[in-house]
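Novice: Throughout the sequence shown, residue numbering follows full-length UniProt numbering, covering 1 to 307 in sequence. C-beta: ideal position from N, C-alpha, C; glycine also. Remember, it's a predicted structure, so these values are computed and weren't measured experimentally. If you scroll down you'll find the structure; I have some questions about it.
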Amino acid sequence: MAKRILKLNQISLLGLDRLPRDEYEIASEFAQPDAILLRSHKLQAEDIADSVLAIARAGAGVNNIPVDSCTARGIPVFNTPGANANAVKELVAVGLLLGSRGIIEGSEYVATLKTLRDKAELNQTLEAQKKRFKGNELTGKTLGVVGLGAIGSMVAEMALTLGMEVVGYDPALSVDAAWRLPREVRKADTLSALFSRSDYITLHLPVLESTIGMINADLFAVMQPHACLLNFARQEIVDEEALVAALDERKLRKYIADFPSPDLIGRSDVILTPHIGASTDEAEDNCAIMAADQLRDFLESGNIRNS
Ligand code: MLT
């Protein structure tokens, strides 16, 4: 009998095409599926039917899946570490440039000049105003990378190619991850040491009990006032009340994040994108391929692999 995969949302078809159609049925509704494949859907424990043998998330974080309850029921939960790391790394590069140059302010200003039809007058106006949008170069600045897993280590490598100094901190650095890191990455002994010496700080941690609210008032207190904080990991890692207070007191220059929230939208010291870190064709294909392969391997051979 064909195995039934419940596909909950936004999964690239390239991944699903790897599952032979005569052996697998894929649909967005099944009363008793054999496995669940999902991306951002928030899965509740009570929605997981007794028939479910495995769950795969086409993405890195598993905070939308009740993992403890799955573990207690013997249901393995797969994710796709590294499959979208390149997409996130590239967005962090954009974030660094948005933090260092007057790109957004400059482009908003240019849009206000829409009614100036004379090119010479337009150029004259721009020349007179452009000093307002002067920035700084990233080369020679220090980037603090918090979390040195698949994404953090790629971000560190990218920053080195931009001529930045890189300082890393990981509360749970694995031996493999330590070997993968470029040797130019210096390790900070504490998070506070990393925060106090960085011009830019980027977060690449999962949501765990130990990481929720980890970026708190104590860390904002030691940041350099010209520094920028980038969060392309998860909203929950940053204590938002402490962040808003720190921005109000100008303890940091900018917060650049992939997670809009009502208290942050519209602030001139905040740049927000709508959780698009992994939203590229390539990342979606990579995640779906890895997740589909993991499910197939498990359903056919009982293998549990998270790669
Ligand atoms: C991730 O956890 O890898 C991303 O949040 C994936 C996504 O955007 O779906």
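Below 7 Å CB to CB, which residues in the same chain sit around His-41 once its five sequence neighbours on both sides are set aside?
Specialist: Residue 41 sits at position 41 when you count from the first residue of the sequence shown. Leu-8, Asn-9, Asn-64.
Novice: Is it the case that the CB of Asn-84 approaches a heavy atom of the ligand MLT more closely than 8 Å?
Specialist: In the sequence shown, residue 84 corresponds to position 84, counting from 1. The answer is yes for Asn-84.
Novice: Looking only at its own chain, which residues have a Cβ that is under 8 Å from the Cβ of Ile-237, when we skip the five neighbours before and after it?
Specialist: Here residue 237 corresponds to residue number 237 of the sequence shown, with the count starting at 1. Result list for Ile-237: Leu-203, Leu-205, Val-207, Thr-211, Ile-212, Gly-213, Met-214, Ile-215, Asn-231, in chain order.
Novice: Here's the rule I'm using: 16 or more other beta-carbon atoms within 10 Å means buried, otherwise exposed. How should Ser-198 be labelled?
Specialist: Mapped onto the sequence shown, residue 198 falls at position 198. It is buried - the Cβ of Ser-198 has at least 16 other Cβ atoms within 10 Å.
Novice: Please check the pair Gln-235 and Phe-259, which I expect to be a contact at CB under 8 Å, by giving their CB distance rounded to whole angstroms.
Specialist: In the sequence shown, counting from the first residue as 1, residue 235 sits at position 235. In the sequence shown, counting from the first residue as 1, residue 259 sits at position 259. With 8 Å as the limit, Gln-235 and Phe-259 qualify as a contact, their Cβ atoms being about 4 Å apart.
Novice: In angstroms with no decimal places, state the Cα-to-Cα distance between Asp-248 and Val-145.
Specialist: Residue numbering aside, residue 248 sits at position 248 when the sequence shown is read from its first letter. Residue numbering aside, residue 145 sits at position 145 when the sequence shown is read from its first letter. Rounded to the nearest angstrom, the two C-alpha atoms are 24 Å apart.
Novice: Which runs of the alpha helix (DSSP H) at least 4 residues long sit entirely within the region 52 to 87? Give them in chain order.
Specialist: 67 to 72
Novice: Just checking, does the region 41 to 55 make contact with the region 23 to 33 on the three C-beta pairs under 8 Å criterion?
Specialist: yes
Novice: Is the closest heavy atom of the ligand MLT to the C-beta of Gln-235 under 8 Å?
Specialist: Taking the sequence shown and counting its residues from 1, one reaches residue 235 at position 235. False, no ligand heavy atom lies under 8 Å from that Cβ.
Novice: Report all residues from its chain with a CB closer than 6 Å to the CB of residue 310; omit the five preceding and five following residues, and keep chain order.
Specialist: Shown here, the chain extends from 1 to 307; a query on residue 310 therefore has no answer.
Novice: Cα separation between Glu-90 and Met-158?
Specialist: Here residue 90 refers to the residue found at position 90 when the sequence shown is read from its first residue. Here residue 158 refers to the residue found at position 158 when the sequence shown is read from its first residue. Rounded to the nearest angstrom, the two C-alpha atoms are 9 Å apart.
Novice: Take every Cβ of the region 282 to 293, pair it with every Cβ of the region 120 to 127, and state whether three or more of those distances are shorter than 8 Å.
Specialist: no
Novice: Can you tell me the Cα-Cα spacing of Arg-186 and Leu-53, whole angstroms?
Specialist: Counting from 1 along the sequence shown, the entry for residue 186 is found at position 186. Counting from 1 along the sequence shown, the entry for residue 53 is found at position 53. In a straight line, the C-alpha of Arg-186 is about 43 Å away from that of Leu-53.
Novice: Under three-state DSSP, which class holds Arg-4?
Specialist: Position 4 of the sequence shown, counting from 1, holds the residue named residue 4. Here Arg-4 carries a strand assignment [DSSP, helix/strand/coil].
Novice: Quick one: Cα of Asn-306 to Cα of Ile-151, how far?
Specialist: Along the sequence shown, read from residue 1 onward, the residue named residue 306 stands at position 306. Along the sequence shown, read from residue 1 onward, the residue named residue 151 stands at position 151. Roughly 16 Å between the two C-alpha positions.
Novice: Should Gln-224 be counted as a contact of the ligand MLT given a C-beta to heavy atom distance under 8 Å?
Specialist: Mapped onto the sequence shown, residue 224 falls at position 224. The answer is no for Gln-224.
Novice: At a cut-off of 8 Å, is Cys-228 close to the ligand MLT when judged by its beta-carbon and the heavy atoms of the ligand?
Specialist: Position 228 of the sequence shown, counted from the start, is the residue given in the question as residue 228. Cys-228: no, Cβ never under 8 Å from the ligand MLT.
Novice: Are there any heavy atoms of the ligand MLT lying less than 8 Å away from the beta-carbon of Ser-261, as far as the coordinates show?
Specialist: One-based indexing of the sequence shown puts residue 261 at position 261. No, since every heavy atom of the ligand MLT falls outside the 8 Å radius drawn around the Cβ of Ser-261.
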